[in-house]
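**Student:** Structure below; questions to follow.
In structure tokens:
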């Protein structure tokens, strides 16, 4: 859809030593690829072939629609929610289980307490200060199922479990954890949800202190409270003491706090996904509108534009002038690029310092010529009325870029299928209507190009 003077530029030229415009630098590689694919009739990275529309009048009308649509799409894309991501959720759950966001397995000096920490310290002992109970869910698993004999794991996994899970400190805890979780039932559904987490947290809080004595320590014990007044995953089995985790009358167990935060992230993710689905639907609708304007211009019959041309409307030199001005501005401080683009160099003899401006006389000439070419080109066609494939493909003239012949024998049209009566028309007529949302940005640029 771009004007000829922009489309026909050499986008592979070297940059000026003094630099180029930000727009040129950011897009020239994409422009070069699109130019090559459009001329050759290739899909490239898109899911459809984009053809060059003949006639500036057709291109201009479609370009206005696509430009307006692209601005709206850019605004919508800024409203897309990118956080929290699935990776954020994964890291939040790793923090719960192992005590570190980056840990996918138990981490030394973190998961089971500080390096060299005792089993009593890891399990909260008697609730005195400086205990490490709750540092990770993995740590508390070993405390809860740990004992001096196999009765510990039986309390967690049932009488069929025969392992001896004994918490004897940070050094052996990783092995004990692996031997514990192998008895856990695997869910047939791997996803987690905010509701599932809330239910688990509520159940944990209800069981905390249940079945233990009603002393100050007992209210903060999970599991069976040891007779000697402490939990250590060994001689005082199957319990964790969280008394030292009560701060300002609030239960501040690290893995529990992190689990509740993970639930908040899941809620936020679900909310944002709903917003993104709405935005994606809007973008898809806009993309269809833009693509429809392109197809309308591509397939418009000469009679449609002949009616418009017959009115007393003058060529829109304003849009051409503005387009040329933007193009020339890109070649500031580059005399070679400026002159190659048919712009006016204002830097004298300097090759790399000066302004590059649109040559209004050339813009006017191009506009007038375009109007004349449009009137002539749309009124008549070498391909119209030819009734055989051989004669159609034998028409003499300059083929469209990437085409072998001036005319093409049309036997199939999108939306109609195989035609009962084939006909002869410009060889760039056919186009695939498929338009994938996943390449919306690239496709918009291709249409504008």
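In the working numbering, the protein residues as written are 890 to 1338.
Glycine is no exception: its CB is placed at the ideal position from the N, C-alpha and C atoms.
If you pair each beta-carbon of the region 1062 to 1081 with each one of the region 1019 to 1035, do three or more pairs fall below 8 Å?
**Tutor:** Touching, yes.
**Student:** Runs of 4 residues minimum, wholly inside the region 896 to 977: which ones carry the alpha helix (DSSP H) assignment?
**Tutor:** Runs found: 911 to 929, 945 to 967.
**Student:** Skipping 5 residues on each side, what residues in its chain have a beta carbon closer than 7 Å to that of residue 922?
**Tutor:** As a working note, residue 922 is residue 33 in the chain shown. So the list reads 933, once near-sequence residues are dropped.
**Student:** What residues in its chain sit with their C-beta under 7 Å from that of residue 1046, if we drop five residues either side in the sequence?
**Tutor:** For the purposes of this step, residue 1046 is identified with residue 157 of the chain shown, where counting begins at 1. Excluding positions up to five away in sequence, the list reads 1072.
**Student:** Of the choices 1271, 1276, 1309, whose alpha-carbon is the least far from that of residue 1296?
**Tutor:** Walking along the chain shown from the start, residue 1296 turns up at place 407. Here the closest residue by C-alpha is 1271.
**Student:** Under 8 Å, with one C-beta from each stretch per pair, do the region 1177 to 1185 and the region 986 to 1006 reach the 3-pair mark?
**Tutor:** With the cut-off at 8 Å, the region 1177 to 1185 and the region 986 to 1006 do not touch.
**Student:** Residue 905 and residue 1309 - do their beta-carbons sit closer together than 7 Å?
**Tutor:** The count along the chain shown starts at 1 and reaches residue 1309 at position 420. The count along the chain shown starts at 1 and reaches residue 905 at position 16. No.
**Student:** Checking 7 Å against the spacing of the C-beta atoms, do residue 1134 and residue 1141 come in under that value?
**Tutor:** Numbered from 1 along the chain shown, position 245 holds the residue referred to as residue 1134. Numbered from 1 along the chain shown, position 252 holds the residue referred to as residue 1141. A contact, by the Cβ cut-off of 7 Å.
**Student:** I need the straight-line Cα distance from residue 1163 to residue 1215, nearest angstrom please.
**Tutor:** Residue numbering aside, residue 1163 sits at position 274 when the chain shown is read from its first letter. Residue numbering aside, residue 1215 sits at position 326 when the chain shown is read from its first letter. Looking at the two C-alpha atoms, the distance is approximately 39 Å.
**Student:** Just to check my reading of the structure: residue 1158 and residue 995 have Cβ atoms closer than 8 Å, yes? What is that Cβ distance to the nearest angstrom?
**Tutor:** Along the chain shown, read from residue 1 onward, the residue named residue 1158 stands at position 269. Along the chain shown, read from residue 1 onward, the residue named residue 995 stands at position 106. Their Cβ separation, rounded to whole angstroms, is 27 Å, which puts residue 1158 and residue 995 out of contact at 8 Å.
**Student:** Along the chain, where does the alpha helix (DSSP H) that runs through residue 1093 open and close?
**Tutor:** The residue labelled residue 1093 in the question sits at position 204 within the chain shown. Looking at the DSSP string, the run of the alpha helix (DSSP H) that includes residue 1093 is 1083 to 1096.
**Student:** For residue 1314, list the residues DSSP reports as bridge partners.
**Tutor:** For the purposes of this step, residue 1314 is taken as the residue at position 425 of the chain shown. Per DSSP, 1297.
**Student:** Measuring CA to CA, which of 1051, 942, 1053, 983 is closest to residue 1024?
**Tutor:** By one-based count along the chain shown, residue 1024 stands at place 135. Of the candidates 1051, 942, 1053, 983, the one whose C-alpha sits nearest the C-alpha of residue 1024 is 983.
**Student:** Could you tell me how far apart the beta carbons of residue 1179 and residue 955 are, in whole angstroms, since I believe they sit closer than 8 Å?
**Tutor:** Counting from 1 along the chain shown, the entry for residue 1179 is found at position 290. Counting from 1 along the chain shown, the entry for residue 955 is found at position 66. Right, the Cβ-Cβ distance comes to about 5 Å (below 8 Å), so this counts as a contact.
**Student:** Spell out a yes or no on whether the region 1003 to 1014 and the region 1038 to 1053 are touching, meaning 3 or more CB-CB pairs, one atom from each, closer than 8 Å.
**Tutor:** Segments in contact, no.
**Student:** Rounded to the nearest angstrom, what separates residue 892 and residue 952 at their Cα positions?
**Tutor:** Translated into the one-based positions of the chain shown, residue 892 becomes position 3. Translated into the one-based positions of the chain shown, residue 952 becomes position 63. For residue 892 and residue 952, the distance between alpha carbons rounds to 10 Å.
**Student:** Taking the alpha-carbon of residue 1152 as reference, which of 1161, 1082, 1170, 1176 has the nearest alpha-carbon?
**Tutor:** As a working mapping, residue 1152 is identified with position 263 in the chain shown. Nearest of 1161, 1082, 1170, 1176 to residue 1152, Cα basis: 1082.
**Student:** Under 7 Å Cβ to Cβ from residue 1312, same chain only, skipping five residues before and after it: list those, please.
**Tutor:** In the chain shown, the residue the question calls residue 1312 occupies position 423. Excluding residues within five positions, the ones whose Cβ falls inside 7 Å are 1299.
**Student:** Can you check which of these residues, 1244, 948, 899, is closest to residue 907 by C-alpha distance?
**Tutor:** Within the chain shown, residue 907 is the residue found at index 18, counting from 1. Nearest C-alpha to residue 907: 1244.
**Student:** Residue 1358 to residue 978, Cα distance in whole Å?
**Tutor:** Lying before the first or after the last residue shown, residue 1358 is absent from the chain, which here runs from 890 to 1338.
**Student:** Relative to the C-alpha of residue 1285, which residue among 1277, 1278, 1294 is closest?
**Tutor:** Taking the chain shown and counting its residues from 1, one reaches residue 1285 at position 396. For the residues 1277, 1278, 1294, the minimum Cα distance to residue 1285 belongs to 1294.
**Student:** Determine the DSSP secondary structure at residue 1158, reduced to helix, strand or coil.
**Tutor:** Reading the chain shown from its first residue, position 269 is the one you call residue 1158. Three-state result, residue 1158: helix.
**Student:** Just how far apart, CA to CA, sit residue 939 and residue 1154?
**Tutor:** For the purposes of this step, residue 939 is taken as the residue at position 50 of the chain shown. For the purposes of this step, residue 1154 is taken as the residue at position 265 of the chain shown. Distance between the alpha carbons of residue 939 and residue 1154: 42 Å.
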